[in-house]
Amino acid sequence: ACDEDQNTAVQRFFTARDMFELFRAVVPVLRDEAIRIDPSVAFLVYTDCLYLSHKLSTLAMAFVGKIPLADSCVWYVCTQTPK
């Protein structure tokens, strides 16, 4: 995404963000019963979410200066959609 034009890089960033948001919203619903019944499933979902949150929180630092948004608004949590 870094070698493409600015609009494409920004769109790819928001697409990746939306994929993680979808994971966060869907997995607990799909695995609701298994999470309540089996502690190992609950722990697996928890560690998956913890891993993804760590990756997302450090992702912007890897692209500072390469993707326009990484310089300002995406350091930790991005809640705005592109205009």
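Note that my numbering has the sequence shown beginning at -12, numbered continuously upward.
By construction, the Cβ of each residue, glycine as well, lies at the ideal position given by its N, Cα and C atoms.
- Between the stretch 5 to 13 and the stretch 30 to 48, the count of Cβ pairs shorter than 8 angstroms is three or higher; the stretches touch.
- Excluding sequence positions up to five before and after V32, its CB lies within less than 8 angstroms of the CB of V14, P15, R18, I22, all in the same chain and listed in chain order.
- Straight across, the Cα-Cα distance linking P26 with N(-6) is about 43 angstroms.
- Shown here, D5 sits in a helix according to DSSP, grouped into three states.
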